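Beneath this line is the structure, given in structure tokens, with notes to follow.
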Amino acid sequence: MKTYQIERISYNPDDKKQIELRRELSRLCSQKGRPLYFFLQTFGCQQNENDSEKIKGILLNLAFVEAASYEEADLVLINTCSIRENADTRLYGHLGKLKSLKKDKASLVVGVCGCLPTQREQNKKIGRSFPYVNMLFGPQDIHRLEEFLHGVYCQKIKINEIHSGNIICEAIPLVRERKFRALVSIMFGCNNFCSYCVVPSARKRERSRLAKDILAECKEIAASGIPEVLLLGQNVNAWGFDLQGGRKKELATLSFTEADLTGMKRIAQGNFTLEEIDTFPKLLAALASVEGIKSIRYMSSHPRDFDGEMLACLAAVPQVENHLHLPVQSGSDRTLMAMNRHYTIKHYLDIVDEVRKVRPKIAITTDIMVGFPGETEEDFKDTLDLVDRVKFSGAFSFIYSARPGTPAAARPQIPATVQHERFDRLIEKLNGYSEEGHQTLLGAKRLVLLEGTSKNDPTVLTGRDSEFHLINIRIPNKLCFPEEAFLENGDLNSEYFEGKFIEVKITGARTFSLEAEHIE
0 MKTYQIERIS
10 YNPDDKKQIE
20 LRRELSRLCS
30 QKGRPLYFFL
40 QTFGCQQNEN
50 DSEKIKGILL
60 NLAFVEAASY
70 EEADLVLINT
80 CSIRENADTR
90 LYGHLGKLKS
100 LKKDKASLVV
110 GVCGCLPTQR
120 EQNKKIGRSF
130 PYVNMLFGPQ
140 DIHRLEEFLH
150 GVYCQKIKIN
160 EIHSGNIICE
170 AIPLVRERKF
180 RALVSIMFGC
190 NNFCSYCVVP
200 SARKRERSRL
210 AKDILAECKE
220 IAASGIPEVL
230 LLGQNVNAWG
240 FDLQGGRKKE
250 LATLSFTEAD
260 LTGMKRIAQG
270 NFTLEEIDTF
280 PKLLAALASV
290 EGIKSIRYMS
300 SHPRDFDGEM
310 LACLAAVPQV
320 ENHLHLPVQS
330 GSDRTLMAMN
340 RHYTIKHYLD
350 IVDEVRKVRP
360 KIAITTDIMV
370 GFPGETEEDF
380 KDTLDLVDRV
390 KFSGAFSFIY
400 SARPGTPAAA
410 RPQIPATVQH
420 ERFDRLIEKL
430 NGYSEEGHQT
440 LLGAKRLVLL
450 EGTSKNDPTV
460 LTGRDSEFHL
470 INIRIPNKLC
480 FPEEAFLENG
490 DLNSEYFEGK
500 FIEVKITGAR
510 TFSLEAEHIE
């Protein structure tokens with residue numbers, strides 16, 4: 000496989016442009032008699048969320064203040080997704096709203112970033128239909144945001160910058176949105192070229208961050224008191240392939256030895272050199288050695304690259320949480336081949352079986368696509384059969400959406416009525432297994448990492464256990480917590496609880512969540 004030269008840089012804005020930009024922003028603040036406000040809207044995956052944390056870090060570093068809405072903002076940035084058609088529709092709806100705001104506030108600066116503007120036709124459409132947009136740039140250009148703002152504010156020009164994607168920039172200032180879990184992008188891009196997906200064109204080829212930089216970031220996270228990291232990548236278990244010259248052509252094998260287990264345990268204890276951390280399982284083990292990191296999650300994995308070394312890691316490293324998100328997309332080999340997924344259902348089931356041998360109670364979740372071009376009723380029944388076989392703990396299921404420029408978009412499409420009818424049947428089956436699995440947990444004790452209070456009830460805490468079950472928790476005895484755990488009105492203080500671990504007993508089971516009581 001062809002490899003690509005990666006340019007590794009550290010965040011370092013141009014001094015002259017930064018001085019000019021700060022001077023102009025200060026002038027505008029004086030003119031308005033207040034700070035400049037920004038509003039950042041984020042669509043899409045957790046990698047987009049992590050990108051937005053970096054965007055926010057840069058803007059706060061420039062003395063912008065975060066606004067609560069579009070209406071309050073002087074600068075609006077929309078960080079976009081392009082995976083499905085409804086993401087495009089949502090963006091254009093928001094841009095339509097901003098058009099009227101721009102009429103009332105001519106000085107409003109509007110930018111669109113993320114995956115969608117990297118698509119040539121979408122980029123042209125934004126320029127043609129929404130000419131008031133001041134900035135268009137891709138996810139690989141976030142480190143140049145100060146440069147783009149200089150262009151808009153100081154040079155009064157429009158920005159349309161879509162980089163080729165072979166850069167990794169470290170040390171971009173960021174703002175962690177959560178106290179309980181830190182998002183850590185370990186790689187960018189994708190080399191799989193699934194026939195329905197725009198990610199290789201939007202985020203470009205696979206580029207792995209160096210182990211030393213990932214470890215350094217996670218040490219900073221631990222020092223800040225955040226107990227859990229979520230490692231991100233389009234295909235996290237491909238991390239390191241580009242550093243070693245590329246991916247192997249054959250499917251990964253699922254065997255491991257006692258020596259593999261011993262090696263994983265050694266690395267998890269901190270006995271390793273940076274040079275030997277060259278695969279994703281070894282990276283997981285190395286992160287387990289970071290003092291203060293109590294929990295490690297990751298997503299998403301690709302069945303093509305899941306191997307015996309990963310099984311050894313799951314067997315040897317308890318800090319890696321008891322949850323595997325393993326997208327299957329379809330239960331039909333014929334459909335998988337048409338999707339260009341590079342594995343068979345037998346291989347997928349072999350992974351599931353081997354994972355459950357080393358971690359019998361692991362929660363396995365997946366992605367399933369319905370109505371892919373050419374999918375027959377028999378193909379769809381194969382998917383239902385797969386669900387019966389695996390009994391997924393949960394699934395992100397969705398109807399196929401044609402993306403311009405992908406091979407699948409040029410094929411004959413399945414009627415929407417057929418897609419929706421199949422989707423409803425799939426959801427019914429998935430929900431049944433989800434609720435069935437939750438029922439088996441009634442009465443069980445669980446250690447939960449708290450995310451704060453429930454959005455629907457400020458007297459209830461919410462969090463997740465090692466298997467990533469969503470658990471809503473009641474506190475029957477408030478006396479077991481200090482005064483600062485509660486607000487003046489008696490509600491729970493979300494900030495106090497966020498990031499803490501508590502033990503609970505499961506008292507109720509629903510399709511998508513569990514109910515529990517705190518154990519003193």
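Its first residue numbered 0, the sequence shown is counted upward by one per residue in numbering that gives the first Met the number 0. Don't be surprised by glycine CBs; every beta carbon is placed ideally from N, CA and C. Everything numeric in this text was worked out from a predicted model, so none of it was measured.
* Which value, in whole angstroms, describes the spacing of the CA atoms of Leu448 and Lys390? -> For Leu448 and Lys390, the distance between alpha carbons rounds to 25 Å.
* Roughly how many angstroms separate the alpha carbons of Thr458 and Thr278, rounded to a whole number? -> In this structure, the straight-line span from the alpha carbon of Thr458 to that of Thr278 is close to 44 Å.
* Taking C-beta to C-beta, are Gly307 and Ser288 nearer than 8 Å? -> Taking 8 Å as the Cβ cut-off, Gly307 and Ser288 do not qualify as a contacting pair.
* Hey, how far is the Cα of Asn471 from the Cα of Leu460? -> Using only the alpha carbons, I get a separation of about 6 Å.
* Cα-Cα separation between Pro326 and Ala508, rounded to whole angstroms -> About 25 Å.
* **Best match in Leu273, Ala337, Arg358 and Arg246 for proximity to Tyr304 [C-alpha to C-alpha]** => Reading the sequence as shown, one finds Asp at residue 304 and not Tyr. Nearest option by C-alpha distance: Arg246.
* **Exposed unless 16 or more other CB atoms sit within 10 angstroms - verdict on Leu491** => With 16 or more other Cβ atoms inside 10 Å of its own Cβ, Leu491 counts as buried.
* To do: Report the rounded CA-to-CA distance for Ala407 versus Phe192, giving the unit in angstroms.
  => Within the model, the alpha-carbon separation for Ala407 versus Phe192 is close to 11 Å.
* DSSP puts Ile505 in a beta bridge; with which residues? -> As DSSP reads the structure, Ile505 sits in a beta bridge with Ala515.
* With a Cβ-Cβ cutoff of 8 Å, do Lys477 and Phe485 count as a contact? -> The answer is yes: Cβ separation under 8 Å.
* Who pairs with Ser207 in a beta bridge, going by DSSP? -> Beta-bridge annotation (DSSP): Ser207 is paired with Met186.
* Assumed close pair Glu205, Phe240 - CB separation to whole angstroms, cut-off 8 Å -> Indeed they touch by this definition, with Cβ atoms about 7 Å apart.
* **Complete runs of the alpha helix (DSSP H) confined to the segment 359-419 [at least 4 residues]** => Every alpha helix (DSSP H) of 4 residues or more that sits fully in the segment 359-419 is shown, in chain order, as 376-389.
* Asked: In chain order, which alpha helix (DSSP H) runs of at least 4 residues are fully inside the segment 453-497?
  -> Those alpha helix (DSSP H) runs which fall completely within the segment 453-497 and span 4+ residues are 493-496.
* Using a Cβ cut-off of 8 Å (strictly closer), state whether Asp352 contacts chain B. => Structure shown: chain B not included; a single protein chain is present.
* Asked: Ser207: buried (16+ other C-beta within 10 angstroms of its C-beta) or exposed?
  -> So Ser207 counts as buried.
* Cβ shell of Leu61 (< 8 Å), same chain only, five flanking positions each side left out -> Within the same chain, Leu61 has close Cβ partners Leu20, Arg21, Leu24, Glu145 and Leu148.
* Could you give the distance in angstroms between the alpha-carbon of His341 and the alpha-carbon of Asp352? -> Taking the straight line from one Cα to the other gives about 19 Å.
* Asked: For Arg421, which residues from the same chain have a beta carbon less than 7 Å from its beta carbon, with the 5 sequence-adjacent residues on both sides left out?
  -> Within the same chain, Arg421 has close Cβ partners Val369, Gly370 and Phe379.
* Asked: Which word fits Arg26, buried or exposed, when buried means at least 16 other C-beta atoms lie within 10 angstroms of its C-beta?
  -> It counts as exposed.
* Can you check whether the CB of Leu310 is closer than 8 Å to the CB of Phe255? -> The beta carbons of Phe255 and Leu310 sit closer together than 8 Å.
* Asked: Which two residues bound the contiguous alpha helix (DSSP H) that contains Cys168?
  -> Cys168: not part of any alpha helix (DSSP H); member of the beta strand (DSSP E) spanning Ile166 to Glu169, first to last residue.
* Asked: So who's on the other strand from Gln40, going by DSSP bridges?
  -> Answer is Ile77.
* Name the one or two DSSP bridge partners that Gln328 has. => Ile367.
* Smallest Cα separation from Phe480: which of Glu227, Met338, Lys31 and Lys499? -> Checked all of Glu227, Met338, Lys31 and Lys499; the closest Cα to Phe480 is Lys499.
* Check Leu449 in the structure and name its three-state DSSP category. => Leu449 falls in the strand class under three-state DSSP.
* Asked: Cα-Cα, which of Arg296, Asp366, His324 and Ala362 is closest to Leu335?
  -> Closest option to Leu335, Cα to Cα, is Asp366.
* To do: Give the DSSP-derived three-state secondary structure of His254 in the structure shown.
  => In the sequence as displayed, the identity of residue 254 is Ser instead of His. Shown here, Ser254 sits in coil according to DSSP, grouped into three states, outside any helix or strand.
* With distances taken Cα to Cα, identify the nearest neighbour of Ile156 among Asp212, Ile295, Leu135 and Ala409. => Nearest option by C-alpha distance: Leu135.
* **Residue from Glu6, Asn122 and Gly404 whose Cα sits closest to the Cα of Leu90** => Taking only the C-alpha atoms, the option nearest Leu90 is Asn122.
* For the segment 423-434 against the segment 398-406, are there 3 or more C-beta pairs whose distance is under 8 Å? -> No contact exists between the segment 423-434 and the segment 398-406.
* **beta strand (DSSP E) segments (min. 3 residues) lying fully within the segment 48-121** => Listed in chain order, the complete beta strand (DSSP E) runs (minimum 3 residues) inside the segment 48-121 are 74-79 and 108-113.
* If you scan the segment 257-285 from start to end, which runs of the alpha helix (DSSP H) of 4 or more residues do you find wholly inside it? -> Taking only runs of at least 4 residues, the alpha helix (DSSP H) segments lying wholly in the segment 257-285 are 257-267.
* To do: Give the secondary structure of Phe500 by DSSP, where H, G and I count as helix, E and B as strand, and everything else as coil.
  => Note: Phe500 maps to strand in three-state DSSP.
* **Boundaries of the beta strand (DSSP E) in which Phe136 is found, first to last residue** => Here the beta strand (DSSP E) through Phe136 covers Met134 to Phe136.
* For Leu440, which three-state DSSP category applies? -> Three-state result, Leu440: coil.
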